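There are 2 protein chains.
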Amino acid sequence: MPSGRKRSESSRQAILEATRSLLLEVGYERLTIDQIAARAGVGKQTIYRWWASKGEVVADAALDDGVTPHPVALPDTGAIRADLQTWLRQWVTDITTPEGTGLILALTAAGSDNKTLADRLYTQFSAPHEDRIRDRLRRAQSEGQLRADADLESIASTLVGALLYRVLGRNRPPTTQDADHLVELVLRGAEA
Amino acid sequence: MPSGRKRSESSRQAILEATRSLLLEVGYERLTIDQIAARAGVGKQTIYRWWASKGEVVADAALDDGVTPHPVALPDTGAIRADLQTWLRQWVTDITTPEGTGLILALTAAGSDNKTLADRLYTQFSAPHEDRIRDRLRRAQSEGQLRADADLESIASTLVGALLYRVLGRNRPPTTQDADHLVELVLRGAEA
DNA sequence: AGTTTATCGAGACTATCTGTCTCGCAATGA
DNA sequence: TCATTGCGAGACAGATAGTCTCGATAAACT
Numbered sequence: 001m002p003s004g005r006k007r008s009e010s011s012r013q014a015i016l017e018a019t020r021s022l023l024l025e026v027g028y029e030r031l032t033i034d035q036i037a038a039r040a041g042v043g044k045q046t047i048y049r050w051w052a053s054k055g056e057v058v059a060d061a062a063l064d065d066g067v068t069p070h071p072v073a074l075p076d077t078g079a080i081r082a083d084l085q086t087w088l089r090q091w092v093t094d095i096t097t098p099e100g101t102g103l104i105l106a107l108t109a110a111g112s113d114n115k116t117l118a119d120r121l122y123t124q125f126s127a128p129h130e131d132r133i134r135d136r137l138r139r140a141q142s143e144g145q146l147r148a149d150a151d152l153e154s155i156a157s158t159l160v161g162a163l164l165y166r167v168l169g170r171n172r173p174p175t176t177q178d179a180d181h182l183v184e185l186v187l188r189g190a191e192a
Numbered sequence: 001m002p003s004g005r006k007r008s009e010s011s012r013q014a015i016l017e018a019t020r021s022l023l024l025e026v027g028y029e030r031l032t033i034d035q036i037a038a039r040a041g042v043g044k045q046t047i048y049r050w051w052a053s054k055g056e057v058v059a060d061a062a063l064d065d066g067v068t069p070h071p072v073a074l075p076d077t078g079a080i081r082a083d084l085q086t087w088l089r090q091w092v093t094d095i096t097t098p099e100g101t102g103l104i105l106a107l108t109a110a111g112s113d114n115k116t117l118a119d120r121l122y123t124q125f126s127a128p129h130e131d132r133i134r135d136r137l138r139r140a141q142s143e144g145q146l147r148a149d150a151d152l153e154s155i156a157s158t159l160v161g162a163l164l165y166r167v168l169g170r171n172r173p174p175t176t177q178d179a180d181h182l183v184e185l186v187l188r189g190a191e192a
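Quick mapping for you: the protein sequence lines, in order, are chains V and Z. The numbering of the first sequence is UniProt numbering, which starts it at 1 and goes up by one. The numbering of the second sequence is UniProt numbering, which starts it at 1 and goes up by one.
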């Protein structure tokens, strides 16, 4: 056991919470460390002691408690199309809230500048979603609902990518109806 | 006719070219106006006289002569699937070059911070691609190659979104083969 | 209890960047 | 010729990132 004062959990959470709220108010670019420290009631050094850069703080703030790979398990009622639609409708609802969209935009800005961060963003956000979809598709395939030669990777990546694309574009954020149509479009050719 | 010296076209182009090369070297976040001015051999005021912010310069640099909605018209040989594949293969090749990817990442970073810029990015980059695809799909539909109830908007947006998503993720940049698979996946259910 | 060690909030400090302003010069039109 | 506008250059003020130091505080070890 190392001696000395322990890291303050309440400060850590105050920093992440302050970061999240500031991200929604001013965006990634205009977010400053001083602002975070002031709102969190924390010394600047307490931030720099635990995070290397603004991007790291933002990534933790968003991924630790913001837009985490959403917790609802992908249902398995036996009907692949309906299950996917149920799940994606919920996901679309989550990521099109002001909070969800704001955090995703911030993560994108952070990731487009920093390859390490982009990797983490993919691993902790995109990949888990694609994985769940792919796993569910695989079960459906083994049950004979999907053709044996269907490219499950492609389907999963397409579903996630097409919806995130519309969130990032901000012109036509996806609706639950869009999610339904998308599943139909992509699955129609893959179903047995 | 207004009096006075005219805007220098050579300076304008030097600024945009310097911006493009610097974007590839240091990325959007670390790009500074001083760097641009120095590399372009131009006074800082000459930049601020014509552009309001870094984002504006970057948008012009990328959209004026970088990743412009690529000029090749979408072919119409009568076979919708093959035509789309031909065109998307070429697009994927373009946007996965270091230059193409670098500029797209920069545009994304700029756009995620600035709604006005995001709109322009959509209007001048994403929308033209989706439009061309949609127009070609519509012809195919009227020729009876696609079902009458196929959602052409969805198809176009999905094709563009799924590919851009993989460019932005940077883990698995799309290949020409991915483009082929994607077209197959999305079109299979829409074909008559 | 007392010592040691690491973190804490606070803020001074330097580097750098943004955006404005000013200079003297060059080009354009009246 | 002369007024007007853009030009390159660079000084300048304000803001920010990131480092460093301070005295105080909390946890572990003796």
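Don't be surprised by glycine CBs; every beta carbon is placed ideally from N, CA and C. All figures in this text were calculated on a predicted structure; none of them were measured in a lab.
task: Tell me whether Z/Arg132 is buried or exposed, calling it buried when 16 or more other Cβ atoms sit within 10 Å of its Cβ.
output: buried
message: Against Z/Ile155, what residues of chain V qualify as contacts under a CB-to-CB distance less than 7 Å, listed in chain order?
response: Leu185
- request: Quick one: list the residues of chain V neighbouring Z/Asp113, beta-carbon separation under 7 Å, in chain order.
  value: Gly27, Tyr28, Glu29, Ala109
query: For chain V, is any of its Cβ atoms less than 8 Å away from the one on Z/Ser21?
result: Using beta-carbon distances, Z/Ser21 does not count as an interface residue toward chain V, since no partner is under 8 Å.
- request: Taking V/His181 as the query, report the chain Z residues whose CB atoms sit under 7 Å from its CB, ordered along the chain.
  value: Asp151, Ser154
- prompt: When the Cα atoms are used, what is the spatial distance from residue 237 of chain Z to Z/Ala14?
  reply: In the structure as shown, chain Z starts at 1 and stops at 192, and residue 237 of chain Z therefore has no counterpart that could be examined.
field: Interface partners of V/Leu105 on chain Z, CB under 7 Å
entry: Going along chain Z in sequence order, the residues near V/Leu105 (Cβ under 7 Å) are Ser112.
message: For Z/Leu146 and Z/Val186, I'd like the C-alpha separation in whole angstroms.
response: Roughly 12 Å between the two C-alpha positions.
Closest by C-alpha distance to Z/Thr93, when choosing among Z/Leu152, Z/Gly27, Z/Pro128, Z/Val167: Distance check between Z/Thr93 and each of Z/Leu152, Z/Gly27, Z/Pro128, Z/Val167 places Z/Val167 closest, using alpha-carbon atoms only.
query: Cα separation between Z/Leu121 and Z/Gly100?
result: 14 Å
query: Cβ of V/Leu137 within 8 Å of Cβ of V/Ala162?
result: The Cβ atoms of V/Leu137 and V/Ala162 do not sit closer than 8 Å to each other.
Residue 193 of chain Z versus Z/Gly189: straight-line alpha-carbon distance, rounded: Chain Z is shown only over 1 to 192; residue 193 of chain Z falls outside these bounds and no answer can be derived.
task: Give me the Cα-Cα distance between Z/Glu153 and Z/Ala79, rounded to the nearest whole angstrom.
output: Between the alpha carbons of Z/Glu153 and Z/Ala79 lies a gap of roughly 19 Å.
- prompt: In terms of residues, what are the limits of the alpha helix (DSSP H) holding Z/Ser8?
  reply: Here Z/Ser8 belongs to no alpha helix (DSSP H), and DSSP marks it neither H nor E.
- prompt: Alpha carbon to alpha carbon, how far is V/Thr175 from V/Gly169?
  reply: 14 Å
Validate contact between the stretch 105-120 of chain V and the stretch 19-35 of chain Z using beta carbons, cut 8 Å, 3 pairs: yes
- request: Could you tell me whether the Cβ atoms of V/Asp76 and V/Asp65 are closer together than 8 Å?
  value: no
- prompt: Where do the ends of the alpha helix (DSSP H) carrying V/Pro98 lie?
  reply: It spans 98-113 - the alpha helix (DSSP H) in which V/Pro98 sits, taken as one unbroken run.
- prompt: Within the 8 Å Cβ cut-off, does V/Asp119 reach chain Z?
  reply: yes
query: Hey, quick one: how far does the alpha helix (DSSP H) through Z/Pro174 stretch, first residue to last?
result: Where Z/Pro174 is concerned, there is no enclosing alpha helix (DSSP H), given that its DSSP letter is neither H nor E.
message: For chain Z, check one thing: does any of its Cβ atoms lie closer than 8 Å to the Cβ of V/Ala140?
response: no
field: Paired residues, beta bridge with V/Leu146 - DSSP
entry: V/Glu191
message: Could you check whether the Cβ of V/Leu63 sits closer than 8 Å to any Cβ belonging to chain Z?
response: no
- prompt: When burial is assigned at 16 or more other CB atoms within 10 Å of the CB, is Z/Ala40 buried or exposed?
  reply: In the assembly as shown, Z/Ala40 is a buried residue. Its beta-carbon has 16 or more other beta-carbons within 10 Å.
- prompt: If you count every other CB in all the chains shown that lies within 10 Å of the CB of V/Val72, and 16 or more means buried, which is it?
  reply: exposed
C-alpha gap between V/Gln90 and Z/Ala109, whole angstroms: In a straight line, the C-alpha of V/Gln90 is about 27 Å away from that of Z/Ala109.
- request: May I ask you to report which of helix, strand or coil DSSP gives Z/Val72?
  value: coil
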